[in-house]
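Residue numbers (our numbering), protein chains in the order written: chain H, 47 to 295; chain B, 47 to 295.
Take a look at the structure set out below.
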DNA sequence: GCGCCGCCTTGATCGAGATCGACGCGCCGT
DNA sequence: ACGGCGCGTCGATCTCGATCAAGGCGGCGC
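The structure is reproduced here in structure tokens:
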């Protein structure tokens, strides 16, 4: 994700867009795309760069084309919790709200297909297809958020790490059309800090539990931040979720 | 909420419905309401009754008219986490999914305005107004879920209890149009178990922290499960959220 | 009235994860 | 080559909330 094509190499026609059939524009007809192309712009951010601050006036909305961005909330004394991840095709910005509700930070190099908020909303209002698509995407996000609530509220540190790895492995397998027979590899792009923020842990606990999983033989470290999972089922068991036998990609 | 009018007393015309302007039908035109009235039915559940099991085929969808229902997830070994609350006007059932994703249990006596799923979806497909309304409701739920993620991941037991009370107090104040000057009362309908499931705690910790808040003078117990908050600002401080001075209802 | 049962409270102890502190390793700029 | 810095690891200790255990209180049926 972090080392895909550079922004300059992105095909800027909607027809050829990498996320054409998964993003907010998935249900659009050719006519709609003409409209979208008229008002869209591309914008990239460096890893660690802040894309928006919570409370800030939201001028832009848009879809992630590639890379990963993090949504997080912060308590007055600095405790931070990640509340969402924006992956390619995910949408940033909420119709009917004028400010950002969360801090948005680039986790990797990330590129957005952006629209001026007002123009986009005008277009949405007269294009129910976009609204329908947004509804489905929002429902999916709500499901993810609720799954994460279970993790945050009830899972042990070990289960949290295993759950994260299961998700990353599945995502990577889906992306690369790889069949997760036995033996599965995926890259660990994010830092311990990002994992800790995501899982509601400290970085020390994240580090210790990853070591514990390695010592227990559930994972191995490869070169270049690759994680190798010999028996995916054992990782799923360690994650606390049942779904026991069936290895879904 | 638990002791409002009985189902039999509910006015069954959409025009006079208590949630007419807040529910999924809020944007509907009179013509749409005729359609809805044709396919809707009312259904009530007793406190503690299970409305749906996770994984079960979803036949019905609908809005809460009155009462409260809880959505929760369960881990294989029985650990449970509440992932959502359905209050009057909230919608149960997800378009495009054939099974329930969570257990749904009545927290109080609860009455739904329900539709056969297939019929409702057919209607939605040709009524973008309903879709737009669902989108906004889903976005609100997503915000609540994310706020809850911050609570589950980063707040202390004490802050969790205080946060819950702040929310309940605000909700009650909003419902009764009461101005939260100094001195604010609200009823504590739910059990310690429900609070524990919601907050990611055990019932013992819930009990102890409520006692601690009482001993610290932040809350007092009245008759009939009423909680009295003398200085709302102190409760907000204890909740960990800033928003320090401004007392919003 | 009496006893039971569900819900709640409180105490004692335990343990997972936070906190504090030290250090290792790789990368980058000079 | 060297030093500095960001990131990760690991050990020691502490602490908050879980766990285990013992009642209390109130409503309800008999």
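For every residue, glycine included, the Cβ atom is placed at its ideal position computed from N, Cα and C.
- Residues of the segment 160-182 of chain H whose Cβ lies closer than 8 Å to any Cβ of chain B, in chain order: 174, 177, 178, 180, 181 and 182.
- With 16 or more other Cβ atoms from the protein chains shown falling within 10 Å of its own Cβ, residue 109 of chain H counts as buried.
- Residue 105 of chain B sits exposed, since fewer than 16 C-beta atoms from the chains shown fall within 10 Å of its C-beta.
- Counted as a single uninterrupted DSSP element, the stretch harbouring residue 257 of chain H is not any beta strand (DSSP E) but the alpha helix (DSSP H) occupying residues 249-261.
- With respect to the 8 Å criterion, residue 154 of chain B and residue 114 of chain B are classified as neighbours on the basis of their beta carbons.
- Per DSSP, residue 189 of chain H is one residue of the alpha helix (DSSP H) stretching across 174-200.
- Residue contact check for residue 75 of chain B against chain H: no CB pair falls below 8 Å.
- The distance from the Cβ of residue 246 of chain H to that of residue 198 of chain B is about 7 Å, consistent with a contact at the 8 Å cut-off.
- As DSSP reads the structure, residue 86 of chain B sits in a beta bridge with B/161.
- With fewer than 16 other Cβ atoms inside 10 Å of its own Cβ, residue 272 of chain B counts as exposed.
- Taking C-alpha positions only, residue 107 of chain B is separated from residue 162 of chain B by approximately 7 Å.
- Within the segment 123-147 of chain H, the beta strand (DSSP E) runs of at least 3 residues that lie entirely inside it are, in chain order, 126-132.
- In this structure, residue 134 of chain B places its C-beta atom within 8 Å of the C-beta atom of residue 65 of chain B.
- If you check the CB distance, residue 281 of chain H and residue 166 of chain H do not come in under 8 Å.
- The contact set of residue 192 of chain H on chain B, defined by CB atoms closer than 8 Å, consists of 117, 119, 129, 130, 147, 148 and 191 in chain order.
- Under the 8 Å Cβ criterion, the segment 146-160 of chain H counts as touching the segment 96-105 of chain H, having at least three qualifying pairs.
- DSSP, read as helix, strand or coil, puts residue 65 of chain B in coil.
- Taking the beta carbon of residue 184 of chain H as reference, the chain B residues within 7 Å of it are 181, 184, 185 and 188, listed in sequence order.
- Closest in alpha carbon position to residue 230 of chain H, among H/82, H/240 and H/217, is H/217.
- Under DSSP, residue 119 of chain H takes part in a beta bridge, and its partners are H/127.
- Residue 109 of chain B is bridged by DSSP to B/137 and B/159.
- Pairing residue 90 of chain B with residue 93 of chain H, the inter-Cα distance amounts to about 52 Å.
- DSSP places residue 221 of chain H within a helical segment (H, G or I) once states are collapsed to three.
- The C-beta distance from residue 249 of chain B to residue 238 of chain B rounds to 4 Å, short enough to fall under 8 Å.
- Within 7 Å of the CB of residue 139 of chain H, no CB atom of chain B is found; the nearest one sits about 11 Å away.
- When the beta-carbon positions are compared, residue 70 of chain B and residue 176 of chain B come within less than 8 Å of each other.
- The alpha-carbon of residue 207 of chain B is positioned some 31 Å away from that of residue 132 of chain H.
- Rounded to the nearest whole angstrom, the C-alpha separation of residue 59 of chain B and residue 86 of chain B is 10 Å.
- Closest by C-alpha distance to residue 265 of chain H, out of H/288, H/221, H/204 and H/242, is H/204.
- Chain-order list of chain H residues neighbouring residue 196 of chain B: 119, 121, 127 and 129, by C-beta distance under 8 Å.
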